[in-house]
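Worksheet: one structure, shown below.
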Amino acid sequence: MFNTMHQVENKFHAYLVSAGFGDDHEYRLTKYLLDGYDAGVRPAKNSSQPLAVVFGLSLHHIIDVLCISNESYLSFAASSWLVSNLVIDEKNQILTTNCWVTQVWTDHHLKWNASEFAGIRVIRVPYNRVWRPDTILYNNADPQYSSAVINTNVIVSHTGEVVWLSHGIFRSSCDINVEFFPFDEQRCVLKWASWTYDGYQLELERQSEQGDVSNYQANGEFDLVDFSARRNVEYYSCCPEPYPDITYEIRLRRRPTFYVFNLILPCILINSVALLVFYVPSESGEKVTLGISALLSMTVFLMTIRETLPPTEKTPLISLYYGVSICLVSFASGLAVVTLNLHHRGVQGTRVPGIVRSLVLDKLARIVFLNFQEEKRSEPVEPPRRKNNCPLHCKPELGQSQSSPKFVTRREESNSSSPSLDLGKESSLEAQWLRVLGRVHATIERNEKRLAEQDRRERMELDWKQVALVSDRALLCVFFLTTIVSTTVILCGSPPTTNIAKEG
Numbered sequence: 001m002f003n004t005m006h007q008v009e010n011k012f013h014a015y016l017v018s019a020g021f022g023d024d025h026e027y028r029l030t031k032y033l034l035d036g037y038d039a040g041v042r043p044a045k046n047s048s049q050p051l052a053v054v055f056g057l058s059l060h061h062i063i064d065v066l067c068i069s070n071e072s073y074l075s076f077a078a079s080s081w082l083v084s085n086l087v088i089d090e091k092n093q094i095l096t097t098n099c100w101v102t103q104v105w106t107d108h109h110l111k112w113n114a115s116e117f118a119g120i121r122v123i124r125v126p127y128n129r130v131w132r133p134d135t136i137l138y139n140n141a142d143p144q145y146s147s148a149v150i151n152t153n154v155i156v157s158h159t160g161e162v163v164w165l166s167h168g169i170f171r172s173s174c175d176i177n178v179e180f181f182p183f184d185e186q187r188c189v190l191k192w193a194s195w196t197y198d199g200y201q202l203e204l205e206r207q208s209e210q211g212d213v214s215n216y217q218a219n220g221e222f223d224l225v226d227f228s229a230r231r232n233v234e235y236y237s238c239c240p241e242p243y244p245d246i247t248y249e250i251r252l253r254r255r256p257t258f259y260v261f262n263l264i265l266p267c268i269l270i271n272s273v274a275l276l277v278f279y280v281p282s283e284s285g286e287k288v289t290l291g292i293s294a295l296l297s298m299t300v301f302l303m304t305i306r307e308t309l310p311p312t313e314k315t316p317l318i319s320l321y322y323g324v325s326i327c328l329v330s331f332a333s334g335l336a337v338v339t340l341n342l343h344h345r346g347v348q349g350t351r352v353p354g355i356v357r358s359l360v361l362d363k364l365a366r367i368v369f370l371n372f373q374e375e376k377r378s379e380p381v382e383p384p385r386r387k388n389n390c391p392l393h394c395k396p397e398l399g400q401s402q403s404s405p406k407f408v409t410r411r412e413e414s415n416s417s418s419p420s421l422d423l424g425k426e427s428s429l430e431a432q433w434l435r436v437l438g439r440v441h442a443t444i445e446r447n448e449k450r451l452a453e454q455d456r457r458e459r460m461e462l463d464w465k466q467v468a469l470v471s472d473r474a475l476l477c478v479f480f481l482t483t484i485v486s487t488t489v490i491l492c493g494s495p496p497t498t499n500i501a502k503e504g
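Residues 1 to 504, numbered by the UniProt record's numbering, are exactly what the sequence shown covers, in order.
Rendered as C-alpha cells:
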C-alpha cells in the first residue's frame with residue numbers, strides 16, 4: 001500500500017517537473033521536511049517552554065455594521081463571497097469585516113540547510129500538512145465560521161519560520177451604541193486567541209500596536225477612526241492557567257450626511273411649518289388643521305427612524321429630537337385651540353378682565369411690537385329741545401304751555417273768532433300731542449340703547465380678538481426660540497469628532 005502511494009507521488013512529481021511547476025530539489029526538500037512529520041504535535045524546541053506565535057491582522061474592508069430584527073435577512077457581497085437569506089435574532093448586533101490574517105511562528109522540525117537543496121530558502125506547502133495554532137475569533141457570530149475562512153498554503157523558511165496567511169469574511173458580535181445616532185461613533189472588537197493552548201504552551205504576541213490598514217477600502221457609511229491592537233492575559237474560572245489573547249479595536253464614525261438630508265432636515269422644515277400655526281389668522285379656520293398635519297408628518301418620520309435603528313436600551317439622539325419636536329408641535333396645536341377660543345370669546349358677551357387687559361393689551365403687546373389705536377367713540381346725540389330749552393319728551397309746565405307762542409296764537413285766534421270755545425278742547429289736543437311725543441321719545445331711547453349695546457359688544461369682541469392676536473404673536477416668539485434652542489442643544493450634543501485613521 002505504501003509502495004503504491006509512493007509510486008503515485010513520484011509520478012505526480014514527475015508531471016510537475018515536466019510541466020514547469022517545480023523542480024527535483026524542491027520536491028526532495030518537501031519530502032525531507034514532511035516525511036515523518038506529525039502535524040498534531042506542537043513544534044516547540046523545549047516542551048516546557050511556550051511556543052511564540054506572532055499574530056497580525058490587516059483590515060481590508062468593512063462590509064456592514066448591523067442590528068437586524070427578527071425575520072429579516074442579511075445579504076451582502078464581497079469579492080466572490082455571497083451570504084443571503086440568513087435569519088438573525090434581533091438581539092445580535094453584528095460587525096462584518098473582510099480581513100487578512102497573518103500568523104508567524106518557528107517550527108524547529110522544518111529547518112534545512114539551503115546549500116544542500118540548491119540554495120532554496122523558502123517553500124510553500126499545504127496548510128494541513130504542518131502544525132498550525134488553533135487561533136480563532138472568540139466573539140464570532142457566524143454559524144458557518146469554518147467555511148468563511150480561506151486557508152492558503154503556509155510559507156516555510158529555511159530557518160524554520162512559518163508564515164500562514166489566511167483570508168476571510170468575519171462576522172463578530174459588537175455592542176452597537178446608537179445614543180448619538182446619526183453622529184455616533186462605534187467601537188467594535190475582534191478578539192483572537194487559541195482555543196486549546198494556554199499561556200504556558202503558546203505565547204500569543206501582537207505583530208504591532210496598530211492594525212494594518214494599508215489595503216483598507218473606505219466604507220460608504222462609516223469612516224475608520226482607529227484600528228489598534230492590544231494584548232490581554234485572562235484567567236478563567238475553569239482553568240488556573242493564563243490565556244493570552246490579541247484584541248483589535250475598530251473605531252468607526254458614521255457619515256451623517258445621508259441622515260441629515262433625509263431625516264433631520266425634513267424635521268426642521270416641519271417644525272418651521274408648525275410655527276406658522278400662530279401666524280395664520282384665526283378667521284381662516286386652518287390653524288388647527290395645519291398643526292395636526294405637521295404632527296402627522298412628524299409621526300411618519302419617527303416610524304421610519306424606528307425601522308432604521310437597532311433596538312437598544314438607550315434613546316438615540318435623533319429619536320430624542322423627534323420626540324421633543326412632536327411635543328412642541330402638539331403643544332402648538334393645543335394652544336392654537338386656546339387662541340381660537342379667545343378670538344371668539346367676545347361673542348359670549350364677556351368683558352376682558354382688567355388684569356388680562358393690563359398684562360396682555362398694555363404690557364405684552366408692546367413687547368411683541370403690537371400697537372392698537374384706540375377708537376374715538378362718537379358723542380351721544382342730544383335729543384332736540386324746544387325753544388324754552390326743554391326736551392321734547394318732558395312735559396311742559398302749565399305756565400310754560402300757556403305762554404308758548406303756539407298756544408298764545410291759538411288762544412288769540414280762538415278769542416277773536418270764537419270767544420265761547422271750550423277750554424277743555426284745548427286740553428284734549430295738548431294731551432294727544434304729548435302722547436305722540438312720548439312714543440317718539442321711547443322709540444329714540446330704544447334705538448339709542450340698541451346702538452349702545454351693539455357698540456359695547458363690538459368693543460368686547462375687538463378686545464378679545466386683540467388678546468388672541470397678542471397671544472398668537474407671543475407664542476410664536478416663544479416656540480421659535482424653544483425650537484432653535486432644542487435643535488441646537490440636541491443636535492450639537494454629540495461627542496467631539498476625532499481624527500480619521502490614515503488609509504494606505
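Ideal placement from N, C-alpha and C gives every residue a C-beta, glycine not left out.
From a predicted model like this one, the values you see are computed outputs, not experimental measurements.
| Query | Result |
| --- | --- |
| Buried versus exposed call for His-343 [16 or more other C-beta atoms within 10 Å across all chains shown] | buried |
| Secondary structure, beta strand (DSSP E): runs of 3+ residues fully inside the stretch 100 to 130 | 122 to 125 |
| Asp-24 - containing alpha helix (DSSP H), residue span | 24 to 34 |
| Three-state class that DSSP yields for Arg-457 in the structure shown | helix |
| First through last residue of the beta strand (DSSP E) which encompasses Ala-229 | 222 to 235 |
| Reference Leu-295, options Ser-325, Asn-447, Asp-362 and Thr-315, closest by Cα | Ser-325 |
| Residue nearest to Thr-312 in terms of C-alpha spacing, selected from Thr-443, Ile-176 and Glu-234 | Ile-176 |
| Cβ pair Val-54, Glu-249 closer than 8 Å | no |
| Sufficient close CB pairs (3 or more, under 8 Å) joining the stretch 237 to 253 to the stretch 178 to 193 | yes |
| Span of the beta strand (DSSP E), counted from its first residue to its last, around Glu-205 | 202 to 206 |
| Where Ser-214 falls: helix, strand or coil (DSSP) | coil |
| Cys-267 - containing alpha helix (DSSP H), residue span | 265 to 275 |
| Helix, strand or coil at Trp-192 [DSSP, three-state] | strand |
| Separation of Ile-136 from Pro-142, as counted between CA atoms | With the sequence shown as reference, residue 142 is identified as Asp, and Pro is not the correct amino acid for it. If you take the alpha carbons of Asp-142 and Ile-136, they lie about 12 Å apart. |
| Same chain, Cβ closer than 7 Å to Arg-435, five either side skipped, listed in chain order | none |
| Contact check, Ala-229 vs Ser-208, beta carbons under 8 Å | yes |
| Reference Val-154; option with closest CA among Tyr-138, Gln-144, Asp-107 and Asn-140 | Asp-107 |
| 8 Å Cβ shell around Asp-198 - same chain, five flanking residues per side excluded | Cys-239, Glu-241, Pro-242 and Tyr-243 |
| Neighbourhood of Tyr-259 by C-beta distance below 6 Å, restricted to the same chain and skipping five residues each side | Pro-182 |
| Cβ pair His-60, Asn-215 closer than 8 Å | yes |
| Extent of the continuous alpha helix (DSSP H) to which Gly-318 belongs | For clarity, residue 318 is Ile in the given sequence; the question names Gly instead. Here the alpha helix (DSSP H) through Ile-318 covers 317 to 343. |
| Backbone CA spacing between Val-163 and Pro-43 [nearest angstrom] | 14 Å |
| Neighbourhood of Pro-405 by C-beta distance below 7 Å, restricted to the same chain and skipping five residues each side | Note that Pro-405 scores 45 on pLDDT, short of 50, meaning its location in the model is unreliable and no value can be drawn from it. |
| Contact between the stretch 156 to 172 and the stretch 120 to 139 (3+ Cβ pairs under 8 Å) | yes |
| Cβ neighbours of Glu-461 in the same chain (closer than 8 Å, five flanking residues each side left out) | Gly-346 and Val-347 |
| Pick from Gly-119, Thr-299 and Gly-438 that is closest to Cys-267, judged by C-alpha positions | Thr-299 |
| Residues near Ala-148 by beta carbon distance below 6 Å, same chain, minus five either side | Asp-142, Gly-168 and Ile-169 |
| Reference Thr-102, options Ala-474, Asn-151, Gly-438 and Ser-172, closest by Cα | Asn-151 |
| Local conformation of Val-280 per DSSP, three classes | coil |
| For Phe-479, the residue or residues it bridges with in DSSP | Phe-479 is not bridged to any residue. |
| Top-ranked residue by Cα proximity to Ser-319, from Thr-487, Trp-112 and Leu-359 | Thr-487 |
| Closest by C-alpha distance to Leu-290, when choosing among Glu-26, Ile-305, Ala-274 and Pro-281 | Ala-274 |
| Own chain partners of Glu-221 with C-beta closer than 7 Å, once the 5 adjacent residues on each side are dropped | Arg-254 and Arg-255 |
| Simplified DSSP assignment, three categories, for Trp-164 | strand |
| With 16 other Cβ atoms within 10 Å as the buried cut-off, status of Trp-105 | buried |
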